[in-house]
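Each remark here refers to the structure printed beneath this line.
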Amino acid sequence: MVLETFHAVNFAEWIGPAAKVWLIAVVALLVGFALLRWLFAVLRQGPAAGTLSALNFLWAAAADLLLISPRRTLALAGLTIKESMRRRVVIVFAVFLILVAFAGWFLDPGSNQPARLYLSFVLTTTSYLVLLLAVFLSALSLPADIRNHTIHTVVTKPVRPSEIVLGRVLGFAAVGTVLLGLMAAISYVFVLRGLDHKHDFSAAAREQLAVMWRDARRNDSTQGIAVSTDRVQNHRHTVFFDPAQETVDEQGVRRGAIRTDTENGHEHEIQYVVPAEGEVQFVCSPPENHLLARVPIYGKLRFKDRAGKDADKGVNVGDEWTYRSYIQGGSLAAAIWTFENLRDDQFPDGLPVEMTLGVFRTHKGDIEKGVPGSLSVRNPATGDEAHVRTFASREFQTDLQVIPLEFQTGDGRTINLFRDMVADGKLEVWLRCVAPQQYFGAGQADLYLRARDASFALNFVKGFAGIWLQMVMITGFGVLFSTFLSGPIAILATGGALLGGLFSDFLYQLSQHKVFGGGPIEAMIRLVTQQNVVTELPPTAQTTVAKMLDKAAEQWMWLIWHMLPDFRVLSFSDHVAYGFDISWGLLAMAVCQTLAYVGPAFVLGYVFLKSRELAQ
Amino acid sequence: MNPRRLLLRKMIYVGLMIPLVLLLAVLGMPAAPGAKGAPGSPGGVLARLREQHELSPTTLGDIDPTSETLKLATLGLRGVASTILWEKANNYKAKKDWTNLAATLEQLSKFQPNFVSVWRFQSWNLSYNVSVEFDDYRDRYHWVIRGLHYLDKGIRYNRNEAILVWDSAYFVQHKIGRSDERVQFRRLFKQDDDFHGSRPMARRDSWLVAKERFEDCLEVVDRGGRMRGSPLLYRSNPAMAQMGYAEAIEKEGTFGEVARREWKQAGDEWHAFGALDLPRTGSESTIRLNDYEPRQEERKALAAQLDELEPGLRQRLRDEKLAALTDEQRKALDTPPEKRSTRQMDLAAQAEASIQVGHQEQARRIRGENRKKALELAKQIDLIDDELHSLRSSRGIVNFEYWRLRAAFEQEADTVDAREAVYRGQQALAETDLVAAKRLYEAGLLKWRQVLDRYPQLLADENTRSITADDLGEVIDEYRRVLKLLDEPFPDPFILQDVLEHYQPSI
Chain A
34 MVLETFHAVN FAEWIGPAAK VWLIAVVALL VGFALLRWLF AVLRQGPAAG
84 TLSALNFLWA AAADLLLISP RRTLALAGLT IKESMRRRVV IVFAVFLILV
134 AFAGWFLDPG SNQPARLYLS FVLTTTSYLV LLLAVFLSAL SLPADIRNHT
184 IHTVVTKPVR PSEIVLGRVL GFAAVGTVLL GLMAAISYVF VLRGLDHKHD
234 FSAAAREQLA VMWRDARRND STQGIAVSTD RVQNHRHTVF FDPAQETVDE
284 QGVRRGAIRT DTENGHEHEI QYVVPAEGEV QFVCSPPENH LLARVPIYGK
334 LRFKDRAGKD ADKGVNVGDE WTYRSYIQGG SLAAAIWTFE NLRDDQFPDG
384 LPVEMTLGVF RTHKGDIEKG VPGSLSVRNP ATGDEAHVRT FASREFQTDL
434 QVIPLEFQTG DGRTINLFRD MVADGKLEVW LRCVAPQQYF GAGQADLYLR
484 ARDASFALNF VKGFAGIWLQ MVMITGFGVL FSTFLSGPIA ILATGGALLG
534 GLFSDFLYQL SQHKVFGGGP IEAMIRLVTQ QNVVTELPPT AQTTVAKMLD
584 KAAEQWMWLI WHMLPDFRVL SFSDHVAYGF DISWGLLAMA VCQTLAYVGP
634 AFVLGYVFLK SRELAQ
Chain B
36 MNPRRLLLRK MIYVGLMIPL VLLLAVLGMP AAPGAKGAPG SPGGVLARLR
86 EQHELSPTTL GDIDPTSETL KLATLGLRGV ASTILWEKAN NYKAKKDWTN
136 LAATLEQLSK FQPNFVSVWR FQSWNLSYNV SVEFDDYRDR YHWVIRGLHY
186 LDKGIRYNRN EAILVWDSAY FVQHKIGRSD ERVQFRRLFK QDDDFHGSRP
236 MARRDSWLVA KERFEDCLEV VDRGGRMRGS PLLYRSNPAM AQMGYAEAIE
286 KEGTFGEVAR REWKQAGDEW HAFGALDLPR TGSESTIRLN DYEPRQEERK
336 ALAAQLDELE PGLRQRLRDE KLAALTDEQR KALDTPPEKR STRQMDLAAQ
386 AEASIQVGHQ EQARRIRGEN RKKALELAKQ IDLIDDELHS LRSSRGIVNF
436 EYWRLRAAFE QEADTVDARE AVYRGQQALA ETDLVAAKRL YEAGLLKWRQ
486 VLDRYPQLLA DENTRSITAD DLGEVIDEYR RVLKLLDEPF PDPFILQDVL
536 EHYQPSI
């Protein structure tokens, strides 16, 4: 899995500084708001009465926020759920069902990684549908009630405005939760069914095997043969049948169980029975090892250049995408990952190093063989290095190399991995390309320790939990905007927050003047005058004005970028699709970030609602 | 508004709607097939226009229900959706996300199933650009085949687009048969059940599949399908693929009667190609590449007839022109070409051009009763000259003479034996059996001498000479290496010295 903006997740280290920043921001916001309220009251009522009114407001607000009645809030939430049902939320579910029912038409199970494709589809579709639903439900509800005066049936009852706001958030979140739960269950079945298939053997392959087994009956030392399965979902597997691995009973019936090779990200187990006479029975298992939840331990990547000196990056071999840096073969260049907090009890069977490398050849070399690379471990404290093994690369394939707990080096030393190489839980893994003039490319997340495999089903649920958090956050924003904006404007504002959150990286790039084609005004000029994004605009007064306006817009965008949540932090689609476990730390971070936005949104929503005449 | 006016207004609306609906029904009536072979209804005006301009999806190829649904589901925003998908595809390619790239291309093809450029561009993308991103040749093969399958799908939806069939043939020929990884690709392709139909394992070959697909392409063209490019080139493809097949099996160690038979087949197909009527550039008429030699003979006979009408006239005209030359031009012409200065070369060239006697000029000088016949003969010669010019140019484009010669001499037992001896020599060299290698190379070179003596054209024509020299030069280099390893001198005189004189080893 590619992690372009990599940061190691450690919830315990993250929460302290993050909470501090959040508290400062929230306190500043509340104090600012209180001051404004006071100023407004003083201007309207004079210093003494204004101050008193402001204090009254704060006092009432504190009471409204602290003395929320769960019973009334739940009752309001129940009303919100009923209202949602009236608004036919079930349509969204129907759309989802239709999409899933016809997804098989345009999802290709013959893709080289079908599991990734199917998982990406269900997660993305669910996410878009649920978020859209959240935007419309949450932003339209209050304004519609206010417009129809139905809100008066509630505000005339002994309920606090805070309960109205919280009830709405909880009600919509509950509706979304039920929908999301149903969608998750259907998606899970859809993925399993969509990927399910079995293979058989063609008549020609069966004939070849029959000849082999005939020979095996006559001669014990008959060699095995590799045959291909039939093509199902656009792929075949190669299976190696070896008579020496089969069991033979007294009646001469041979039995065997073998695994196919890995194709399209999965493998099968084939069990077979060869009777002395008659047809061979093959039983092929459903696809295996394609729905994973690897638990990776990431290290920190650094490089050495060809002369063995420290370098920020490796070589760029001309790729437009600079995620991977390349190290030159047959030189002192190396890519080094430093791992921390390693304990021997975590790895009882050796250190499983999993890597996905890029390979760049400057000459053809031996086409039949991968470019040789070497893997070493180094003690960061002593600098002692031990070569583990040489391997042949397979580009874009996930290659697992297990470093034994005890191994012999080329110079005859016996290395105990944790005793000799790990210092204070730290270990360096050195990757080098052995072949001169060839290159290996590596990015931060390309090499990691596969600590263990977690449950895929649980990971799938965690993936949907990410969508749930996004939905809750959008509901919070929607309810907030609906307390002081009319319906369509609230939808625009909530949709804008959603888009800004989804494309926060683009917003940042735009605010930093890093996007080709300039800011919004310049882009509009280019669009109208049909100019491409890289040519300089003519140095006219019009251009100068456009650039000045863009500069101002960039400041705004920078501010908005800071204020909006980054929805990518809450999206775990790639983790699920690429088969990586969503750690509890990552999930906890996402929960905290959601609460960090939903909490203030609730308070602000309450304040805005309370300021309106209808709630007083 | 009172109810009466309301009713009136409704009636007016209905009155207007009925003829509009009837008109629409007449215009838009769909075509219907006839029962049991009987001619069906051609449908309304719109259906007929669709059929006429090949706009109906049914006339273009198979209909994909997914594609139609998606097109409808975009509610007229298909262009926007396609643009986004193209952008996404480019992004996925840049970020080497092959799974999503392939998925996006599938979606793209659903939005634009009858847009030939999508199939052509993106299949090339998969087979050529994506495949080379992988280091392992098996992965590369996988993506080459993905591109081919993508193209095959495009062919199903666009059965009149011969260019797509041609592309698929070219991919098989070029990517499987000629790329750097051809040895590995051809091996994998032979095992791939998807491409060979009922052909026995021994006849499973990428070149034969390419040939079959080139023939399919011609079939589409012949039934009125659309094709881009020159017929001269695409009609030569099946025979060229047969040549490629014969060449490839020899490179992989198949000789004897099998190789001779395949080369004979290639020669026959090349001859059949030469007998085809091909459009002549800048003219409505056609030419046949095989006609060059007969036309030359015809021209010679006509020129002789013209000369006979007034014997000696041609020489007289030439003498007159010679006399009209300046002293400087005459001096330049008299100077042997190798001793001419630069200015003299120019002058000699001008002089040569000005002393040429044209047939029209010759005919116009004939007086009396033969004049009419002379002018007629001159006109015929000019027409033949034009045709010969077109033939020379067309034959040059496909290297017609070389391949005709190649197919002819490759069928010879001596050529096949020569190639077999060299092949076995290469095997011996690879196994470092230098003595056997030397013996086999020498046997091969001796056979090549015999072939060259029987086919002197191989070293006579400039174009053919360089190809022959390159082909044999590499063998001579290998032989030289064997001798060097054996510490023996290179023979002098060498049996293929004439080849060596034209061979320029690559760096």
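Heads up: the protein sequence lines correspond to chains A and B, in order. Count along the first sequence from 1, add 33, and you get the number used in my numbering. Count along the second sequence from 1, add 35, and you get the number used in my numbering. Where a beta carbon is used, it is the ideal one built from N, C-alpha and C, also for glycine. Quick caveat: nothing in here was measured; it's all calculated off a predicted structure.
Could you tell me whether the Cβ of residue i comes closer than 8 Å to any Cβ of chain A?
i: ASP170 (chain B); result: yes
i: GLU216 (chain B); result: yes
i: ALA137 (chain B); result: yes
i: GLN492 (chain B); result: no
i: TRP154 (chain B); result: no
i: TRP133 (chain B); result: yes
i: LYS130 (chain B); result: yes
i: GLU141 (chain B); result: yes
i: GLN219 (chain B); result: yes
i: ASP229 (chain B); result: yes
Verify the CB distance criterion: does residue i have a CB-CB separation below 8 Å to chain B?
i: PHE549 (chain A); result: no
i: SER144 (chain A); result: yes
i: VAL404 (chain A); result: yes
i: PHE539 (chain A); result: no
i: LEU150 (chain A); result: yes
i: ASP141 (chain A); result: yes
i: GLU401 (chain A); result: yes
i: PHE429 (chain A); result: yes
i: GLU353 (chain A); result: yes
What do you reckon, are the CB atoms on residue i and residue j nearer than 8 Å?
i: SER203 (chain B); j: ARG221 (chain B); result: no
i: ALA281 (chain B); j: ALA294 (chain B); result: yes
i: THR527 (chain A); j: VAL168 (chain A); result: yes
i: LEU597 (chain A); j: SER515 (chain A); result: no
i: VAL224 (chain A); j: TYR151 (chain A); result: yes
i: ALA530 (chain A); j: PHE510 (chain A); result: yes
i: GLU418 (chain A); j: SER407 (chain A); result: no
i: TRP71 (chain A); j: GLY79 (chain A); result: no
i: GLY520 (chain A); j: ALA177 (chain A); result: yes
i: GLU216 (chain B); j: ILE400 (chain A); result: yes
i: THR113 (chain A); j: GLY200 (chain A); result: yes
i: ALA217 (chain A); j: PHE605 (chain A); result: no
i: VAL155 (chain A); j: SER235 (chain A); result: no
Taking only beta-carbon positions, decide if residue i is within less than 8 Å of chain C.
i: ASP240 (chain B); result: Of the chains in the structure shown, none is chain C; the protein chains are A and B.
Relative to the C-alpha of residue i, which residue among the options is closest?
i: THR371 (chain A); options: A:GLU300, A:GLY458, A:ILE303 and A:ARG394; result: A:GLY458
i: LEU502 (chain A); options: A:ALA96, A:ALA574 and A:CYS625; result: A:CYS625
i: PHE665 (chain A); options: A:GLU401, A:THR415, A:ALA610 and A:THR573; result: Absent from the model: residue 665 (chain A). The displayed extent of chain A is 34 to 649, so no value can be given.
i: ALA565 (chain A); options: A:GLY551, A:THR573, A:THR577 and A:GLN575; result: It is worth fixing the name first, because residue 565 (chain A) is Asn in this sequence and not Ala. Checked all of A:GLY551, A:THR573, A:THR577 and A:GLN575; the closest Cα to ASN565 (chain A) is A:GLY551.
i: ASP282 (chain A); options: A:GLU300, A:PHE380 and A:ARG250; result: A:ARG250
Should residue i be labelled buried (16 or more other beta-carbon atoms within 10 Å of its own) or exposed?
i: HIS268 (chain A); result: buried
i: VAL561 (chain A); result: exposed
i: VAL567 (chain A); result: exposed
i: ARG213 (chain B); result: exposed
i: ARG452 (chain A); result: exposed
i: GLU46 (chain A); result: exposed
i: LEU130 (chain A); result: exposed
i: GLN649 (chain A); result: Note that GLN649 (chain A) scores 49 on pLDDT, short of 50, meaning its location in the model is unreliable; the coordinates nonetheless yield the value given after this. That one is exposed.
i: TYR48 (chain B); result: exposed
i: HIS546 (chain A); result: exposed
Below 8 Å, how does it come out for the stretch 426 to 438 of chain B and the stretch 258 to 274 of chain B: are there three or more Cβ pairs, yes or no?
Yes, the stretch 426 to 438 of chain B is in contact with the stretch 258 to 274 of chain B.
Below 8 Å, how does it come out for the stretch 315 to 323 of chain A and the stretch 352 to 366 of chain A: are there three or more Cβ pairs, yes or no?
Touching, no.
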